[in-house]
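K.L.:
Submitted below is the structure of interest, expressed as structure tokens.
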Amino acid sequence: MMRLQYILTIFLLLLFCTLATAADLELSVDRNPVPFGQSVELTVEARGDQGAELDLEPLTRDFDILGRSQGKSISYFNGQATRLSRWTLTLMPKKTGDLMIPPLSLGTLRSEPLRLRVLPPDPNGSPGNSPFFIRLELGKETAYVDSQVKLKVRLYLGQNVLQGAVLTEPEFPQGAGEVRRLGEDRITESLIDGQRHQVVERDYALFPSTPGPQVLEPLMFEGQTARNRSFFNPYADGSGIQRIFSAPIRFDVQPLPGGSGTSSPISARELKLLQHWSPDASRISVGDALTHTLVLEAKGQRVEALSIPQIPYPESFKIYADRPEKSEEPDPLEINGRIELKTALIPTQGGKYQIPETQLRWWNSEQEQYETLLVPGRTFEVIPSQVPALQQAPPAPGLPPGPEEKSAETGTDSAELPDTKPGFWMPVALLLGAGWMLTGLLWWRSARRHPGTVPAGSEPSALQQEEARLKKACDSGRPGDIVPALLGWARTRYPQNPPMHLQELGLRLPAEAREEVDKLCQRLSRSGDDCWNADALWKALPRGKEPKAQKKDSALPPLYP
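To convert, note that position 256 of the sequence shown is 1111 in the numbering used here; the numbers rise steadily by one, no gaps.
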């Protein structure tokens, strides 16, 4: 019995020593050489149990680690148990040539280095051994600053992509330009060297901002595909990661001819400048509001590069410029920018005024020459505002003129007219007088029954029209539309003494409405809150005609002055 225990003890010691001395760290790759842009799988096996982490930092110098998996097992051979730890790493070489997979460490274990040869890609951009390749088509190799350069990218897929497909986009060095994508991807098919490829087309618009040679980094495509199994290797791994690069994007950028360097003209393939006046009249009165609308449309240019030319308006006009409305129209072929500016003009003095013609010089990127757009001038005659004089009320219908009034037909005093048939005129005068008194009594009773109402036909429809126009302008929320509508409403509400500008109008309004008008003035001067609310202005304004402050007199003149 003692002898059997002794033998078992010796056997366990030998087995422990075998496991301890069998510890080792080995490296292997699934293929060597490997084409540049294709991944390689590195297998790391450790025999023995070290209880430590594998140090992968040395690999990051020449490789990108795209994937990692780990497993453990125990195998028995000739009665001996072997613990095996395995790491499978997916590596993507960063460069071509003979690369060295450096020694890796696992606790006290250290592997031997492994040499890996990375083949260079095909310089002609043909597929070669890779199932993918990229071709670029540049619209022009010589461009001008801020001019659009079109770039077409075609990605050829010779195999189906399983997952994780990524295609990088062109990018300028910082501050050297901007890249805009045009439209959506288009997918077609093409037959190349007897192999069918799926083609993904993508368009870009490049806008270089600095002169000189421009080099954009190559585009990169990365995707996982199924690997081809062969008769000699039917158990090959079913997937692999492919990474391919395009050629660098190179083109020359020249400054605009004769550029001063202080302000570059607009560069576009086509440029239009439209204007509109509302109302379209050449004769206006002091206090009337005009709206001048300018629209600049550019084909082949971003909206950020557009600017409305400065118009030299007369100094005697109050100017209220709205914020420019900027937009870009979708177009699969190029970038189209649009900017619209509305300006409200209010003359404060009478006279003749002329807005001179304005020129806009721009660079035609398609014809490669300067061109000039003209903004036609405009001449206005401003009529000074006049308060109409009070006129004497005409005599009542059917009554003879007063003793001091002139006859419209003879020009003589009405007192000199012969008084023919006095017995006839007296009953007629009494009858008409009684009719007027009855009319006045009915009007007075109607006013008492319906206080605050105005008889039908007495209130002019112009005020209702101006209120509707002002409501529509407030609904739009654009100060450039609200200012002329507000002043037009004020002229109709205060016809005897219309306000000349917004500040004067505010003094006549209630406190809440005056506060909203002040906010509108601050918004127009750019010192107010951008969250100004036009609906609050409309709700605060009074409705209907201005109430009269004087005492009510009889609406009928004396029958017998």
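Cβ atoms here follow ideal geometry from the backbone N, Cα and C, with glycine treated the same way.
Computed from a predicted structure; not experimentally measured.
DSSP on V1372, reduced to helix/strand/coil?
P.N.:
Reduced to three states, the DSSP call for V1372 is helix.
K.L.:
In its own chain, which residues sit with a C-beta less than 6 Å from the C-beta of F1172, not counting the 5 before and 5 after it?
P.N.:
Excluding sequence neighbours, F1172 sits near L1200, P1202.
K.L.:
Between the stretch 879-887 and the stretch 1046-1062, can you find at least three pairs of beta-carbon atoms closer than 8 Å?
P.N.:
Judged by Cβ distances under 8 Å, the stretch 1046-1062 makes no contact with the stretch 879-887, as fewer than three pairs qualify.
K.L.:
By the DSSP assignment, the beta strand (DSSP E) with V1158 in it spans what residues?
P.N.:
Here V1158 belongs to no beta strand (DSSP E), and DSSP marks it neither H nor E.
K.L.:
Specify the secondary structure class of R1363 as computed by DSSP and reduced to three states.
P.N.:
Residue state, collapsed to three classes: helix.
K.L.:
Check G1335 in the structure and name its three-state DSSP category.
P.N.:
Helix at G1335.
K.L.:
Helix, strand or coil for R916, going by three-state DSSP, please let me know.
P.N.:
If DSSP states are grouped into helix, strand and coil, R916 belongs with the helices.
K.L.:
Does G1343 come out as helix, strand or coil in the three-state DSSP assignment?
P.N.:
In this structure, G1343 counts as helix in the three-state DSSP scheme.
K.L.:
Looking at the unbroken beta strand (DSSP E) that takes in L1392, where does it start and where does it end?
P.N.:
Not the beta strand (DSSP E): L1392 falls in the alpha helix (DSSP H), residues 1389-1395.
K.L.:
From Q1109, E908, Q1130, pick the residue whose C-alpha is nearest to that of W942; which is it?
P.N.:
Here the closest residue by C-alpha is E908.
K.L.:
Confirm, please, whether the CB-CB distance from K1326 to W1393 is below 8 Å.
P.N.:
Their beta carbons are under 8 Å apart, which means W1393 touches K1326 by this criterion.
K.L.:
In the structure shown, what three-state DSSP assignment does K1326 receive?
P.N.:
Correct three-state label for K1326: helix.
K.L.:
How many Å lie between A1176 and E1212 at the Cα?
P.N.:
Distance between the alpha carbons of A1176 and E1212 is about 19 Å.
K.L.:
Could you check the C-alpha separation between L1396 and V1158 for me, to the nearest Å?
P.N.:
Approximately 37 Å between the Cα atoms of the pair.
K.L.:
Do you know offhand how far Q1069's Cα is from A1123's?
P.N.:
If I take the Cα positions, the gap works out to 20 Å.
K.L.:
If the criterion is Cβ atoms closer than 8 Å, does the pair V973 and F891 meet it?
P.N.:
Yes; because the gap between Cβ atoms is below 8 Å, this pair is in contact.
K.L.:
What residues in its chain sit with their C-beta under 6 Å from that of N1219, if we drop five residues either side in the sequence?
P.N.:
Cβ neighbours of N1219 beyond the five flanking positions: E1226.
K.L.:
Determine the direct distance from the alpha carbon of D1336 to that of C1329, and round the result to whole angstroms.
P.N.:
Each residue's Cα considered, the two are about 8 Å apart.
K.L.:
Run the CB neighbour count on D1135, radius 10 Å, all protein chains shown included, and call it buried at 16 or more, exposed below.
P.N.:
Burial call: exposed.
K.L.:
Taking E847 as part of the beta strand (DSSP E), name the residues at either end of that continuous run.
P.N.:
Any question about residue 847 goes unanswered here, given that the chain covers just 856 to 1416.
K.L.:
Between I1163 and the rest of its own chain, which residues show a CB-CB distance below 7 Å, the 5 nearest in sequence each way excluded?
P.N.:
Within the same chain, I1163 has close Cβ partners L1149, L1151, P1179, I1194, L1196.
K.L.:
Helix, strand or coil for M947 per DSSP?
P.N.:
Strand.
K.L.:
Between the stretch 1093-1103 and the stretch 1031-1039, do at least 3 Cβ pairs fall closer than 8 Å?
P.N.:
As far as the Cβ criterion goes, the stretch 1093-1103 does not touch the stretch 1031-1039, which means the pair count is below three.
K.L.:
Check G1399 in the structure and name its three-state DSSP category.
P.N.:
Coil, per DSSP.
K.L.:
Grouping DSSP H, G and I as helix and E and B as strand, with all else coil, what is S924?
P.N.:
Strand.
K.L.:
Going by alpha carbons, who is nearest to W1132 out of S1002, D1001, F1235?
P.N.:
Answer by Cα proximity: F1235.
K.L.:
Going by C-alpha to C-alpha distance, which of Q1320, K949, I1121, E1371 sits closest to R1348?
P.N.:
Nearest C-alpha to R1348: Q1320.
K.L.:
Comparing C-alpha positions only, which one of R1009, H1356, I1139, D1107 sits nearest to Y999?
P.N.:
Among R1009, H1356, I1139, D1107, the Cα nearest to that of Y999 is on D1107.
K.L.:
Looking only at C-alpha atoms, which of F988, K950, L1128 sits nearest to P975?
P.N.:
When each option's Cα is compared against that of P975, the closest is K950.
K.L.:
Under the assumption that G994 contacts L1006 (Cβ atoms under 8 Å), give the Cβ distance between them as a whole number of angstroms.
P.N.:
Yes, they are in contact, since the Cβ atoms of G994 and L1006 sit about 7 Å apart, within 8 Å.
K.L.:
Measuring only the C-alpha atoms, how far is D1143 from G1206?
P.N.:
In a straight line, the C-alpha of D1143 is about 14 Å away from that of G1206.
K.L.:
Is it right to say I1190 is buried, meaning 16 or more other beta carbons lie within 10 angstroms of its own, or is it exposed?
P.N.:
By the 10 Å Cβ count, I1190 comes out buried.
K.L.:
In whole angstroms, what is the alpha-carbon distance linking F1027 and L1129?
P.N.:
Cα to Cα, F1027 sits roughly 34 Å from L1129.
K.L.:
In the structure shown, what three-state DSSP assignment does A1248 receive?
P.N.:
Low confidence applies here, because A1248 scores a pLDDT of 42, under 50, leaving its location unreliable and the question unanswered by this model.
K.L.:
Straight-line CA distance for Q1014 to G1030?
P.N.:
Taking the straight line joining both Cα atoms gives about 38 Å.
K.L.:
Can you name the start and end residues of the beta strand (DSSP E) that F1062 belongs to?
P.N.:
Per DSSP, F1062 belongs to the beta strand (DSSP E) from 1050-1063.
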